[in-house]
Structure formats: structure tokens, C-alpha cells
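Below is one structure; the comments refer to it alone.
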Amino acid sequence: ETGVTQTPRHLVMGMTNKKSLKCEQHLGHNAMYWYKQSAKKPLELMFVYNFKEQTENNSVPSRFSPECPNSSHLFLHLHTLQPEDSALYLCASSQGAVGRVSGANVLTFGAGSRLTVL
Amino acid sequence: AQSVTQLGSHVSVSEGALVLLRCNYSSSVPPYLFWYVQYPNQGLQLLLKYTTGATLVKGINGFEAEFKKSETSFHLTKPSAHMSDAAEYFCAVSGGTSYGKLTFGQGTILTVHP
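Just so you know, the sequences run in chain order A and B. Mapping of the first sequence onto this note's numbering: position 82 corresponds to residue 82, and the numbering continues sequentially without gaps. Counting from 1 along the second sequence, just add 1000 to a position and that's the residue number in this note's numbering.
Given below as C-alpha cells:
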């Protein structure tokens, strides 16, 4: 496979469930991102990992817990979510490390995981 | 801090007509500017980017954008719309210590009529 792959593509969960979203990139990139895309709102950056280290947490509630075991994989663990957390969660990766001036900072996005919280 | 404003959440054109999607940005440092497109049930795909150098940037699918520093604009154009161009388009900016962390506009949905 090539590019950025996200699973599952669709997820329905109750407010007391625990689930995880998975992202895998086959591009040899060293930075990975989680974005949230809600209806009628701009894409919101949630987390950034640079060489497996978290470099950005954009004031995300603790019910979202990211994990980056290696530079190719990124997870978003979900616990006791709220209905307003229903959204499309997009994973992305880039070649340039965040914070360095680099024209290579083009993000490649996955197709997203559509989350519905009941 | 950086921000992006996309003028018009919906734009409708006829097939063969000019496409113009407007984007204005705010940045205290020299910006990198991007246009992404999102088709239904898909992630975002890069159309084009401006980093440095030539201010007229050509991208995929016949799109181009011009960086105008004096107007803080990066409008996206295509001379002749095609039905397959119907999608949502996002303008984004990064810069300074935020290189690589994109700030997106709210998106513009492009509808193409036969």
C-alpha cells in the first residue's frame, strides 16, 4: 500500500465505549498529525508527532489520547466521548520535521475516519 | 499567529466558465500557502503550494494561484471549469515556527452546473 491509510473508515460508538483510530503511512515521513473536521468549522489541528515525539497538543480534551509507537503509525484512543465529538478525523504525514523551515512541509492526508458518538 | 479567510462558502459556476476561489491570509512571517481539495468521502489532496520564488503557481488539474503580498491574497483560479472539479477547496497557511502546521480556512464548496 502507498500513502496514508486510516482505519476504520466509519465508527459508531456510545459515550461509554473505548475505541481507537489507526493511521499508517508508507511514505517514509517523520511527522504525523491528527486533524478534526467538523461540519461548518475549519479543520482543527489536534496533535503533532515529530520523530515519534509529541510536539503539539492543541488543547485537546483528555478523552482523546494519541499514541505514536513508531514513525509509520499513529493512533487516537477514544474514551467517554461526547456527541459533539462526532466528526471526521483526518490523519496526515509530512516529510519535513515540524519547526524546521522546509518547503517539503506538504501534508499528505488519509481519507479519514468518520466518527459518530451516540 | 496566522489565519486564513476564504470568501464565499459556496461558489457555483457553469461548466466551461472561469473558476475563482478567494483566499486571504494573515501572517507575521513570510508564509507558505497551500490549496487543498477534498472530494466526497475522501481526505485532502494537495492542489498547489507557494513557498518562495515565482508568485504564480501552477498546480494539478489546470488550477493555478497567485501570491500577492501587498493584498495578502492567494486566490485560486481555473480558466474553464469541469464537472469533475466539484469538490470542497481549502486554503491553508503555515510559517515561522509553525512551518508544517497548517492553519486552514473554512473551505469553499464548488458546484459546477452543466
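We put the CB at the ideal spot given by N, CA and C, even for glycine.
Residue-level contact to chain B via CB, residue i, 7 Å cutoff
i: Ala111(A); result: yes
i: Val12(A); result: no
i: Leu27(A); result: no
i: Leu21(A); result: no
i: Leu90(A); result: yes
i: Val106(A); result: yes
Test: residue i CB closer than 7 Å to a CB of chain A
i: Lys1101(B); result: yes
i: Gly1043(B); result: yes
i: Phe1074(B); result: no
i: Gln1046(B); result: Checking the sequence, you will find Leu at residue 1046(B) rather than Gln. For Leu1046(B), the answer is yes, since a Cβ of chain A falls inside 7 Å of its Cβ.
i: Phe1067(B); result: no
i: Gln1006(B); result: no
i: Gln1002(B); result: no
i: Phe1104(B); result: yes
Counterpart residues of residue i in DSSP-defined beta bridges
i: Met32(A); result: Tyr49(A) and Ser93(A)
i: Pro1030(B); result: BP columns for Pro1030(B) are empty, so no partner.
i: Arg1022(B); result: Leu1007(B)
i: Val106(A); result: In the DSSP output, where bridge partners are listed per residue, Val106(A) has none listed.
i: Ile1109(B); result: His1010(B) and Glu1088(B)
i: Phe75(A); result: Lys22(A) and Glu67(A)
i: Lys40(A); result: DSSP output for Lys40(A) lists no bridge partner at all.
i: Thr1103(B); result: Val1093(B)
Euclidean distance between Cα positions of residue i and residue j
i: Tyr89(A); j: His77(A); result: 12 Å
i: Thr1108(B); j: Leu107(A); result: 19 Å
i: Met32(A); j: Leu74(A); result: 7 Å
i: His26(A); j: Pro8(A); result: 17 Å
i: Ser59(A); j: Glu1064(B); result: 35 Å
i: Ala1017(B); j: Thr1005(B); result: 24 Å
i: Lys1069(B); j: Pro1030(B); result: 9 Å
i: Ala955(B); j: Val1037(B); result: The first residue shown for chain B is 1001 and the last is 1114, placing residue 955(B) beyond what the model contains.
i: Pro1079(B); j: Ala1086(B); result: 15 Å
i: Arg1022(B); j: His1075(B); result: 5 Å
i: Ala1081(B); j: Lys18(A); result: 45 Å
i: Gly1008(B); j: Arg114(A); result: 26 Å
i: Tyr1025(B); j: Lys1101(B); result: 15 Å
i: Gly1095(B); j: Ala1001(B); result: 9 Å
i: Leu11(A); j: Glu1071(B); result: 43 Å
i: Gly1062(B); j: His1113(B); result: 18 Å
i: Thr1111(B); j: Met46(A); result: 30 Å
Option in the options with minimal Cα separation from residue i
i: Ser1126(B); options: Ala1054(B), Lys1078(B), His1010(B) and Ala1092(B); result: Outside the modelled stretch of chain B, which goes from 1001 to 1114, sits residue 1126(B), for which no answer is possible.
i: Met13(A); options: Thr5(A), Pro83(A), Gln37(A) and Gly28(A); result: Pro83(A)
i: Ser71(A); options: Pro8(A), Lys19(A), Val117(A) and Ser93(A); result: Ser93(A)
i: Gly3(A); options: Asn105(A), Gly28(A) and Thr16(A); result: Gly28(A)
i: Gly1039(B); options: Leu1047(B), Lys1069(B) and Leu1033(B); result: Position check: residue 1039(B) holds Tyr in this sequence, whereas Gly was assumed. Minimum Cα distance to Tyr1039(B) is reached at Leu1047(B).
i: Tyr49(A); options: His79(A), Ser65(A) and Pro42(A); result: Ser65(A)
i: Glu1042(B); options: Asp85(A), Gln37(A) and His79(A); result: Checking the sequence shown, residue 1042(B) turns out to be Gln, not Glu. It is Gln37(A) whose Cα lies nearest to the Cα of Gln1042(B).
i: Glu1015(B); options: Ser1084(B), Thr1051(B) and Glu1088(B); result: Ser1084(B)
i: Pro69(A); options: Pro61(A), Lys52(A) and Glu56(A); result: Lys52(A)
i: Lys40(A); options: His79(A), Trp34(A) and Ala87(A); result: Ala87(A)
i: Glu67(A); options: Gly110(A), Asn17(A), Lys22(A) and Arg114(A); result: Lys22(A)
i: Trp34(A); options: Leu118(A), Phe109(A) and Leu11(A); result: Phe109(A)
i: Thr1052(B); options: Gln1045(B), Phe1034(B) and Asn1061(B); result: Phe1034(B)
Open item on the list: Tell me which residues of the stretch 42–63 of chain A have at least one Cβ-Cβ distance to chain B shorter than 7 Å, keeping chain order.
Closed with: From the stretch 42–63 of chain A, only Pro42, Leu43, Leu45, Val48 and Glu56 have a Cβ closer than 7 Å to chain B.
- [ ] Check each residue of the stretch 1013–1047 of chain B: if its Cβ is closer than 8 Å to any Cβ of chain A, include it; give the result in chain order.
- [x] Along the stretch 1013–1047 of chain B, the positions whose C-beta sits under 8 Å from a C-beta of chain A are Tyr1032, Phe1034, Tyr1036, Asn1041, Gln1042, Gly1043, Leu1044, Gln1045 and Leu1046, read in chain order.
- [ ] Return the residues of the stretch 65–76 of chain A that lie within a Cβ-Cβ distance of less than 9 Å from chain B, sorted by chain order.
- [x] So the list is empty, because no residue satisfies the distance condition.
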